[in-house]
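Participant: This structure is in structure tokens; I'll ask about it shortly.
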Amino acid sequence: MIASRLLVIGPVTFLAAFFLYPLGAILGRSFGGEVLSLDPFGVVLGDSYYLGRIWFTMWQAAVSTVLTLVVGLPAAYLFARHDFPGKTVLMALTTLPFIMPTIVVAMGFVALLGPQGLINTALTGLFGAEAPQVRVTNTLTIIFMAHAFYNYSIVVRIVSAFWSNLSPLFGESAAMLGAGRIRTFTHVTLPLLLPSLWSSAVLVFVFSFTSFGVVLILGGPRFATLEVGIYELTVKLFRLEVAGALALVQLVFTYVFLLVYTRLQAQSAVPITFVPEEESKRGKRGFRDVVVIVAITGVLLVVLSPLLALVERALSSGGGYSLVHFTGLFSDDSGSYFRLSPQAVIWNSLRFALASMAIALVVGTAAAYVIARRGRGRSGVVDALFMAPLGVSAVTLGFGFLVAFNRAPIDLRGSWLILVIAHSLVAYPFVIRSVLPVLRGMPPHLKESAALLGAAPLSIFIHIELPIIGRALLVGAMFAFAVSMGEFGASLLLVRPEFTTIPVAIFRLLSQPGESNLGQALAMSTLLMVVVAMGFVAIERFRYRNVGGF
Amino acid sequence: MRQLAAIVLMMLMTAFAVSCGGDEDSELVIMTHDSFNIGAELISQFEAEHDATVVLQSAGDAGEALVRAILEKGNPSADLLYGIDNTYLGRALDEEIFDEYRPDLLDEVPAQFVLDDSGHVTSIAYGYVNLNYDKQYLMDHGLTPPSTLEELTEADWKGRLVVEDPASSSPGLAFLISTVSYFGEDDDYDYLDFWRDLRANDVLVKDGWTAAYYTDFSQYGGDRPLVVSYATSPAAEFLFSETPVEVPPTGNILIDKASFLQIEGMGVLKGANSKDLAKKFIDFALGRSFQEDFPEKMFVYPVNRNASIPDSFRFAEVPSQPSDIGALEIGEKREKWIQDWTEVVLR
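For the protein sequence lines, the chains are U and Z, in the order given.
Numbering-wise, the first sequence is residues 164 to 713 according to my numbering.
Numbering-wise, the second sequence is residues 106 to 452 according to my numbering.
This is the structure we're talking about:
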């Protein structure tokens, strides 16, 4: 009983202490600590400009989500149903876009699709055209492309993890009964996949809804989302009360989306017998399978091409290729207090990411249990509440932390803990979203029989549940790790120079003009990709007893 | 699940330990914006001279650092704040976040670089925001750099300028203010008319300097040969070029009244733990060794007239006549300018 009470108290305390409390503190300050006045809301909701922003934020997120699903699903299928050489590495590469700093991705897109990019240069060379043929930079198109680029790995990971534990028997029976491939997919596989589809779609939608860097840097200020508005009102115009109102509007919208979604997801989950991953793979590779593998891998490489363009640029110098930017990183002679060695920066990033991942796994798994136990109809409110940190404006929450944790006994300002907590707050929703569909699908009789046979709750967890949710836990862990490795806004606001992480180091290099600064920033970005890819492969390979075998 | 409780408990205890660590008088905490940079040796030197520990705390860009200081008013996490410039001074003074302090070395700062007459914020560095151009691009297209701002609205420069959004970027705001200084607010053809024509001439607006410079400036893969940047940028291009060059690939466009003098300073935060140490640090920052260390790190000029200027700054020409709008007027009107600009250029 104590254990089950702790299970509830743990995540609830975490949410209350590190999300609701700082949020309340900053909003209290923003509204002047007086009785909540409705004036700021009048300003926001009475101004056609802000209404326009709300509308734009919503529809661009919807379009981005659809596009992301279209890009992500084929790859999810590939990783769920096929085994082939180099699969682990390809999966790790697939997830890389998720962690890249926006400005670096922007440079990748420009190197590829910009006026002087590879594609336009090639087209000019081929057809002798004067002006650049492809123009996507600073348009709405590139916002959609970038959102899909950033988020498709969410779809790939969550859907393929679920799919790979789905017994192929369902599909095979349908085929035996005479259904064609397409019909089998739309009538059997797709409905079974729905819980994981909703899971990934809502994450993508919320990320696109609160998008900041992508919209600002790639699209330009003409396409401001709510998040952008909140930032400018807070930092540049000092209108904290209007910023607070706008932040609340954004949060309410996200909460309603999450609520609708949790309903949908709870309804779509059916108890199914999951099978170990190995049993769900297609048998012998036929010619048709090889074609599928090659085709989807090709598409993935196209999606990843902006990153390849970055690596290419990091390696080029003065018309040829060299490692000069990498050696430059390691042999800095500026004597700057703010310039840490790349080893130190990588170590900072790694330890913060591992700490955030650990917290996110504990909090996220416990929260998923709490939600799953409440039963279908009643879990929505709680579920959406646990997901709410994703919908709050980063700048609002960042300042909330500073206002909330500023006095003894808990003065976290200047401590690295504040950073790890901020990161895990964005990371644990991933753990919930990947674990929950599996928990819901787990047939209750498994636990019941074990309990009848006298197994203690902890032993049931370790021997029965953990092996089944293991695969989903790994996915959650991977994203928690990735979120922290790539996080940048809060890091910039909260860290001391000693705690410089890789994205912050990249940002500092890019805040000054000069070819070497650019080259070293891209070399640092390449190191970020290598470190994270190695981390992904390590997590992927992690097998504890048979955890992850599922 | 007992582990969970243990973890929560451990976190709270660590937090407690961390928070109790740093209240000694010999610790000096300096909050800075994220472009601040100084030699590690100078920090060690100050620590040795005063038997103190210096802790540097980045707090986002200049605007974010100021908002943070305002939110922490009365209970500051730092003793000193570096990074108040003439576009933020009015706000900082209104909020009364600083104690007064007038260091003796202020005598060595020429009058035009004194940021705050009320003695709350001490000038440390200055620089200029103006247009930069890509020399190669202009040569290839047979263009010469514009000598007036009006020329930017002509066909020659259509689609060739990238600026930063004054609502999110410091150089963006600086350039907007210099157009106010150049065209005036109530003239027949005022700054908003100019911006309206610039918009018609396909000016590109980016959120910040990095995106404008590294993705849209033609020097770095974009198609815009004119960018709002700093007078010291060509010096940085010279210093950080991949292969040694005689002259930098970019140049300054210095039009009278159309470049913005940005003065940056620091002040002692009200309620600071280590006030004496904070004042000593301001003295130290005005001293020659500190003033001569940062120019090639932050790419700004030292305010102390005795400090020598690095050789690379020969490519960082000083505008003879920068904009003439004072910090107090900026403090009063910045919000209005930004909103009117946004209305004309973005909506």
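Virtual Cβ for every residue (Gly too), placed ideally from N, Cα, C.
These figures come from a predicted structure and were not determined experimentally.
Under 7 Å Cβ to Cβ from U:Leu256, same chain only, skipping five residues before and after it: list those, please.
Facilitator: Leu467, Ala696
Participant: Z:Tyr294: buried (16+ other C-beta within 10 angstroms of its C-beta) or exposed?
Facilitator: exposed
Participant: Rounded to the nearest angstrom, what separates Z:Ser334 and U:Tyr484 at their Cα positions?
Facilitator: 30 Å
Participant: Any C-beta of chain Z sitting closer than 8 Å to the C-beta of U:Asn328?
Facilitator: no
Participant: Is the Cβ-Cβ distance between Z:Ser286 and Z:Ser428 less than 8 Å?
Facilitator: Cβ atoms of Z:Ser286 and Z:Ser428: closer than 8 Å.
Participant: Check whether chain C comes within 8 Å of Z:Thr284, counting only Cβ atoms and requiring the distance to be less than that.
Facilitator: Annotation note: the requested chain C is absent from the structure, which comprises protein chains U and Z.
Participant: Examine chain U for any beta-carbon lying closer than 8 Å to the beta-carbon of Z:Gly224, and answer yes or no.
Facilitator: no
Participant: Quick one: measure Cβ to Cβ for U:Ile266 and U:Ile380, integer angstroms, because I've assumed they're closer than 8 Å.
Facilitator: 6 Å
Participant: Along chain U, in chain order, which residues have C-beta atoms closer than 8 Å to that of Z:Glu347?
Facilitator: Ser480, Gly481, Val487, Glu678, Ser679, Gly682
Participant: Z:Asn357 lies in the beta strand (DSSP E); which residues open and close that run?
Facilitator: 355 to 358
Participant: Using a C-beta cutoff of 8 Å, does U:Gly291 count as contacting chain Z?
Facilitator: no
Participant: Can the beta-carbon of U:Ala429 be found closer than 8 Å to that of U:Met520?
Facilitator: no
Participant: Near Z:Ser379, which residues of its chain fall below 7 Å by C-beta distance, leaving aside the five closest residues on each side in sequence?
Facilitator: Asp130, Glu132, Leu133, Asp184
Participant: So the alpha helix (DSSP H) U:Gly639 belongs to, where does it begin and stop?
Facilitator: 629 to 649
Participant: With 16 as the cutoff for other CB atoms within 10 Å, does U:Phe181 come out buried or exposed?
Facilitator: buried
Participant: For the alpha helix (DSSP H) holding U:Ile625, just list the boundary residues, first then last.
Facilitator: Where U:Ile625 is concerned, there is no enclosing alpha helix (DSSP H), given that its DSSP letter is neither H nor E.
Participant: Anyone know if the C-beta pair for Z:Ala145 and U:Ser499 falls short of 8 Å?
Facilitator: Against a cut-off of 8 Å, the Cβ pair of U:Ser499 and Z:Ala145 comes out as a contact.
Participant: Give the DSSP-derived three-state secondary structure of U:Asp574 in the structure shown.
Facilitator: Note: U:Asp574 maps to strand in three-state DSSP.
Participant: Just how far apart, CA to CA, sit U:Arg536 and U:Gly173?
Facilitator: Taking the straight line from one Cα to the other gives about 15 Å.
Participant: Residues of chain Z with CB closer than 9 Å to the CB of U:Asn511, please, in chain order.
Facilitator: Correct list: empty, because the minimum Cβ distance to chain Z is about 13 Å.
Participant: Please identify, using Cβ separations under 7 Å, the residues of the segment 168 to 182 of chain Z that lie next to chain U, in order along the chain.
Facilitator: Gly168, Glu169, Val172, Arg173, Leu176, Glu177, Asn180, Ser182
Participant: Is DSSP giving U:Ala188 helix, strand or coil here?
Facilitator: helix
Participant: If the cut is a Cβ gap below 9 Å, which residues of chain U does Z:Phe404 touch?
Facilitator: Gln675, Pro676
Participant: In terms of residues, what are the limits of the beta strand (DSSP E) holding Z:Ala74?
Facilitator: Residue 74 of chain Z lies beyond the range of chain Z shown here (106 to 452); nothing can be said about it.
Participant: Of all the options Z:Glu152, Z:Ile143, Z:Glu342, which has the alpha carbon lying nearest to the alpha carbon of Z:Lys385?
Facilitator: Z:Glu152
Participant: Between the Cα of U:Asn569 and the Cα atoms of U:Met263, U:Pro185, U:Ala309, U:Phe489, which residue gives the shortest distance?
Facilitator: Of U:Met263, U:Pro185, U:Ala309, U:Phe489, the residue nearest in Cα terms is U:Pro185.
Participant: By the 8 Å beta-carbon criterion, what residues does the segment 207 to 223 of chain U contribute toward chain Z?
Facilitator: Tyr212
Participant: In the DSSP output, which residue or residues are listed as bridge partners for Z:Val332?
Facilitator: Z:Asn237, Z:Val267
Participant: Out of curiosity, what's the CA-to-CA distance linking Z:Pro453 and Z:Ile360?
Facilitator: Residue 453 of chain Z lies beyond the residue range present for chain Z, which begins at 106 and ends at 452; the question has no answer from this structure.
Participant: Would you kindly check if the distance between the Cβ of U:Val297 and the Cβ of U:Asn314 is under 8 Å?
Facilitator: no
Participant: Comparing alpha-carbon positions, which option in Z:Ala363, Z:Ser223, Z:Pro181 lies nearest Z:Arg207?
Facilitator: Z:Ser223
Participant: Give the DSSP-derived three-state secondary structure of U:Gly400 in the structure shown.
Facilitator: It is worth fixing the name first, because residue 400 of chain U is Leu in this sequence and not Gly. Coil.
Participant: Are the C-beta of Z:Leu186 and some C-beta of chain U separated by less than 8 Å?
Facilitator: no
Participant: At a CB-CB cut-off below 9 Å, which residues of chain U make contact with Z:Leu344?
Facilitator: Within 9 Å Cβ-Cβ: Gly677, Ser679.
Participant: I need the DSSP call for U:Ala701, collapsed to helix, strand or coil.
Facilitator: Under the three-state reduction of DSSP, U:Ala701 is assigned to helix.
Participant: Answer with yes or no whether the minimum CB distance from Z:Gly431 to chain U is below 8 Å.
Facilitator: no
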